[in-house]
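Heads up, the sequence shown is in our numbering, so the first residue is 5 and it goes up one at a time.
Quick reminder that beta carbons are idealized off the backbone N, C-alpha and C, glycines included.
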Amino acid sequence: DEKALGPEHPSVANTLMNLGEVARRQGKYDEAKKLYLRSLAIEEKALGPEHPSVATTLNNLGIVAKKQGKYDEAKKLYLRSLAIKEKTLGPRHPRVALSLFNVGDMLAGQRKYKDAYPSLKRAITIWEKKLRPTHPYLTKHGIPLFIKVATRLGKKSEAKKYKDQRKAIKKTAGKKAKK
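Listed below in structure tokens is the structure:
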């Protein structure tokens, strides 16, 4: 891509982003960060600092920072990503919910449950309205973490509501699989 299109073409940024994903999934966080930062520089220059692609790259940099235990850095990256997504995609977009979830997940991982709760609650509310009930963002990530946070905060009725919802989803999914 780089030779054919030039070093500052958005397709080069996309390729760097994909390489960063591979490195991140392999646990090579320093390498992933370098690739993401190169991608970010190209995206900001070619697409503008408030483009949804910039938000995605910032989110990925936030994931890397979180994995490295750099929570303050991760939070700043997640919040910048969230602001761009809210502005460009609207406050109720599933990608906005993903950023909210990442903030809540990071805070819950630090046992800051009271701080995590609003982000997680908003993420789940968006996903419930925008995604199918069996979507993995809800069933594997959002609802289980929300149940944990709500339980830790003593919000037992809310935790029970989502536990019951999760059971019903699993039961329905099991019946469909048997057909």
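Counted as a single uninterrupted DSSP element, the alpha helix (DSSP H) harbouring GLU35 occupies residues 33-51. Its Cα nearest to that of ALA87, the residue THR60 stands out among ILE67, MET110 and THR60. In this chain, the alpha helix (DSSP H) harbouring GLY66 covers 56-71. Cα atoms of HIS55 and THR92: separation of roughly 7 Å, rounded to the nearest angstrom. For the pair TYR117 and ARG156, the CB atoms are nearer than the 7 Å cut-off.
Around the beta carbon of LYS89, 16 or more other beta carbons sit within 10 angstroms, so the residue counts as buried. Straight through space, the alpha carbons of ALA27 and HIS145 are spaced by roughly 22 Å.
According to the DSSP assignment, PRO14 belongs to the alpha helix (DSSP H) that extends over 14-29. By the C-beta density criterion, GLY24 is buried, having at least 16 other C-beta atoms within 10 angstroms. Contact between the segment 70-83 and the segment 41-54 is absent: fewer than 3 CB-CB pairs across the two stretches fall below 8 Å. Annotated as distal: ILE130 and ALA172, with beta-carbon spacing of 7 Å or more. Setting aside the 5 residues that flank it on each side, SER85 is surrounded in the same chain by ALA59, LEU62, ASN63 and SER103, each with a C-beta closer than 6 Å to its C-beta; the list follows chain order. For the options LEU124, LEU81, GLY113 and LEU135, the alpha carbon positioned closest to that of HIS97 is the one of LEU135.
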